[in-house]
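First to last, the protein sequences are chains A and B. For the first sequence, position 113 (counting from the first letter as 1) is numbered 177 according to this note's numbering, and the numbering increases by one without interruption. For the second sequence, position 37 (counting from the first letter as 1) is numbered 48 according to this note's numbering, and the numbering increases by one without interruption. Each residue gets a CB set at the ideal place from its N, CA and C atoms; glycine is no exception. One structure below.
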Amino acid sequence: MKTIVKHRLFWPSASLLALIVINTIARGSFVKITVRDGELYGALIDILRNSAPLMLVALGMTIVIATRGIDLSVGAIMAVSGAVSLQIIAGSDEPDNIGVVATAVLAALGVSLVLGAWNGFLVSVVGIQPIIATLVLMLAGRGVALLITGGFITTVNSEPYEFIATGYLLLLPFAFVLAMVIVAVVGFVERRSALGVLTEAVGINPEASRLAGVRSRGIVWGAYIVSGVLAGIAGILYSSNIRAADANAAGLLIELYAILAVVLGGTSLMGGKFSIAGTVIGVLIIQTLESTILFLGVPSAQSPVFFALVVVIVVLIQSPRVHTWGRKLFGGSRSRDSSKPSSDVEVAA
Amino acid sequence: MTLTQDSAVPPMIEMRGITISFPGVLALDDVDFTLRAGEVHSLMGENGAGKSTLIKALTGVYAIDAGAISVGGEERSFHSTADAQAAGISTVYQEVNLCANLTVGENVMLGHEPRKGGRIDWSAAHRAAAEHLAGLGLTIDTRSMLSSHSIAVQQLVAISRAMVLDAKVLILDEPTSSLDRGEVDNLFGVVRGLRDKGVAILFVSHFLDQVYEIADRITVLRNGKLVGEYAIGDLARDQLVTKMIGRALNELDAIADSAERAVDRSGTPVIKAEGLGKRGLLEPADIDVYEGEVVGLAGLLGSGRTELVRLLYGADRADSGAVEIAGSPVKITSPRHAIDNHVAFSSEDRRAEGIIGDLTVAENIVLGIQARKGWVHKIRKAEQDAIVSEYIASLDVRPANPNALARNLSGGNQQKLLLARWLATAPQLLILDEPTRGIDVGAKADIQRKVAELSAAGLSVIFISSELEEVLRIAQRVVVLRDRKRIGEVDSSAVDLDGLVDYIANEGKGTAA
């Protein structure tokens, strides 16, 4: 039991579980899942489906943060990506043609990759601080998206394109399956190759890593490219869901939610050690909370306050210092962890 | 040095059976420590022996897992540094922890300012501060900024602050490491004065000479365990060192002939640089190293030693010069490029430029080869384990736990970690910048022996150290730098320590040339 509690994913998982339990107590139908025409339905399934865009963006954010960076431009890249793909589909004569849709998707991903590479170039080659470098695109990106759509909200009717966000595969929403496959692939590449540990090395100590021969420029650059492409996929999911490219609303504030998800998942904003599984849990916490607001019927005017309150509680639950206070209040016995957080320990004499 | 054991008066500090463990490390194991009023007591041990941990237990930074601490015969438990201060224990650290942007007087009196009508009476405060400072023989303007004074003066200010707090126990943690001889004498005068007034003083220093000069009694720790407590007169220096490292120091003699070893300089040098320089950093300098040769770089701090090897390694880019590796010309533009050419470099700044603190011992050791292989081909777990356990054993890294975080290791062990990282890449030229700085005798001997051993087996080494004895013991040839310029080269068998010092000072016109 003690080792379970000490696992770094324990408190994020416990928070997620607590949210689900609270919802279920409030209304039992929350956990009810029904099968209709070989497709699963229910509040939990909606959470999984809706979490897909944030899942992808937060995944990219996790890797960027691990390199000591931050990517504020993800929302803007989503807008550009959606605008590119819908503009291509809307401009073609056969919006239902799978070839047209594939071209649109690939073009959108290509543009996202270029935008990610631009961010990476500014950070790793020019040496601009990440927050400033990505702020450029965050501010300019939506303008670019409006330029592409000609200032309008482009709408389309394309069945193959809509499938991406609303379709089903093997009982589950296709969007969720897609997000999980991508998470699994990225996680596999990071941990099965040495990319993960080299990324952490660069994030913990860039100069020592450089002197140790790590190609840190490539690793940092790559992180922003991955983040850009993942934001591009998220942009496609978003535009597919609403069948429109809304340059102003697509991915609005998603960079902040993604950062929140990364932190809830236990990755430090200081860079270094990162946890993809933690980020997945962080995203599910945020998405469950969004559903809770709808489910409990919190008036929309008050929902930001409610959201903020719950986030504060979740963050407090995870704080090591709060754990110490908790042990002092309820444990009675003097815990030695209290005065020696393992992260600050120096054994040197 | 009259030590009368008066059993009626309880010792100022009595620590019994102190045990503290960190994840993976037993930092202190059932240690006893006694500090009496009116003595200067020195705590000795290698890096990682547990000195810092014991001090942190005494100052309330760490909670103890087992054992008891009594102050003046009364058992206390410290939950914070404030508890320890309230019990009369004050600490003066190597890096002075005062407010540099306040005046001297404000620092001395902080929190104890005399008040008049609810407001601070500043002129009284400064008068009181001046009195306290004068008590330590220090007459400076109490209204001057603390930061305008030298470290030595700042330390004395910190001590007078401890006196304002009415400290009965004063802990001096490496107080002399950045002081010159005169300042040390002055500090020791103050320390003796306080001792005579009945203050119990705990003095921690790496400098054996100073310990023998000031201490009345010594407690030795090794690997987190108590070795023993001795009156200073009962323990000769070599005995002390033997107790600290747990074996006799004469092992160093085994490497004494490294410098005498003949090196075959008839072939092509492993590396040869001509006119290597960079404007503002280093005037164009030559250096060559042959197979199996150790070339020392000697010179004062800032003489261009580090600059030269950084240019050689590509850590900084040279703007002039030509480099040949094994006879073929190369242009080294990055560390990575140097590594591909079998050149390895261990920086003088272990923490900032060496170890990756939040990664484990194993990950740090493997990092060099992994970086060279690229991220795609991860070294298999079994292979990693084999490499890691081999180097942990051959370099005697402690704790021998591959999963410990690198930053939790002591300086000497971090240095061994870096040595392991580079040796694992099988370099032909190994550049070591101050590999033994700030580490204890035992680890120092380990590292010197390893360098001597590897060079005898054919590895070429460039060895930089501020300790000239060390350079003369290991290197066959010594390149001397001064004022960012190479001033010459000496054969280390043809020169003794005084000769080398003379050479450095007199720009090659001395007796050694």
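Taking a beta-carbon distance threshold of 8 Å, residue 337/A counts as an interface residue toward chain B. Beta-carbon to beta-carbon, residue 347/A and residue 284/A are separated by about 24 Å, too far to satisfy the 8 Å threshold.
Looking only at 265/A, 169/A, 270/A and 162/A, the smallest Cα-Cα distance to residue 191/A is reached by 270/A. Where residue 105/A is concerned, the enclosing beta strand (DSSP E) starts and stops at 103-105. The beta carbon of residue 96/B sits closer than 7 Å to the beta carbons of 176 from its chain, once the five residues preceding and following it are set aside; these are given in chain order. Any Cβ of chain B closer than 8 Å to the Cβ of residue 158/A would place that residue at the interface, and such an atom is absent. The C-alpha of residue 420/B is placed about 16 Å away from the C-alpha of residue 404/B. Contact annotation: residue 133/A and residue 322/A have beta-carbon atoms that are not nearer than 8 Å.
Inter-segment contact for the segment 427-440 of chain B and the segment 448-462 of chain B is present: three or more beta-carbon pairs are separated by less than 8 Å. Taking the C-beta atoms as reference points, residue 120/A is found no nearer than 8 Å to residue 319/A.
Comparing alpha-carbon positions, the option among 73/B, 109/B and 84/B lying closest to residue 94/B turns out to be 73/B. Residue 356/B places its beta carbon 8 Å or farther from that of residue 334/B. When the beta-carbon positions are compared, residue 501/B and residue 491/B come within less than 8 Å of each other.
Runs of the beta strand (DSSP E) lying entirely within the segment 43-75 of chain B and spanning at least 3 residues, in chain order: 51-55.
Not a single C-beta of chain B is nearer than 8 Å to the C-beta of residue 127/A. Cβ-Cβ distances below 6 Å link residue 156/A to 164 in the same chain, with the five nearest sequence neighbours on each side left out; the list follows chain order.
For residue 128/A, the CB contacts under 7 Å within the same chain, skipping 5 residues up- and downstream, are 134, 135, 287, 288 and 291 in chain order. Against chain B, the CB of residue 291/A has no partner CB under 8 Å away; the residue lies outside that interface.
In this structure the segment 210-222 of chain B touches the segment 37-49 of chain B; the number of beta carbon pairs closer than 8 Å is three or more. For the options 393/B, 181/B, 228/B and 468/B, the alpha carbon positioned closest to that of residue 274/B is the one of 468/B.
For secondary structure counted as the alpha helix (DSSP H) over 4 or more consecutive residues, the segment 279-328 of chain A holds these complete runs in sequence order: 280-306 and 318-328. Taking C-beta separations shorter than 6 Å and ignoring five residues to either side along the sequence, the partners of residue 75/B in its chain run 29, 31 and 68, following chain order. In summary, the residues of the segment 380-411 of chain B whose CB is separated from some CB of chain A by less than 7 Å are 381, 382, 383, 386, 387 and 389, in the order they occur in the chain.
Pairing residue 449/B with residue 307/B, the inter-Cα distance amounts to about 19 Å. Interface annotation, residue 141/A: not in contact with chain B, CB-CB separation never under 8 Å. Annotation for residue 21/B: 81, 83 and 84 place their beta carbon closer than 8 Å to its own, counting only its chain and skipping 5 residues before and after.
Counting only the Cα atoms, residue 132/B lies some 55 Å from residue 126/A. Put simply, of 25/B, 26/B, 24/B and 37/B the residue whose alpha carbon is nearest the alpha carbon of residue 410/B is 37/B. Within chain A, no residue has its CB atom less than 7 Å from the CB of residue 94/B, the nearest being about 11 Å off. Close CB contacts of residue 135/B within its chain, under the 6 Å cut and outside five residues either way in sequence, are with 125 (chain order).
In this structure, the alpha-carbon of residue 159/B lies about 26 Å from that of residue 311/B. Within the segment 260-280 of chain A, contact with chain B at the beta-carbon level (separation under 8 Å) is assigned to 261, 262, 264, 265, 268, 269, 271, 272, 273, 274, 275, 276, 277, 278 and 279. DSSP places residue 400/B within a helical segment (H, G or I) once states are collapsed to three. One Cα belongs to residue 371/A, the other to residue 364/A, and the distance between them is close to 11 Å.
Check the Cα spacing between residue 272/B and each of 243/B, 303/B, 248/B and 377/B: the tightest is with 303/B. The distance from the Cβ of residue 345/A to that of residue 77/A is about 6 Å, consistent with a contact at the 8 Å cut-off.
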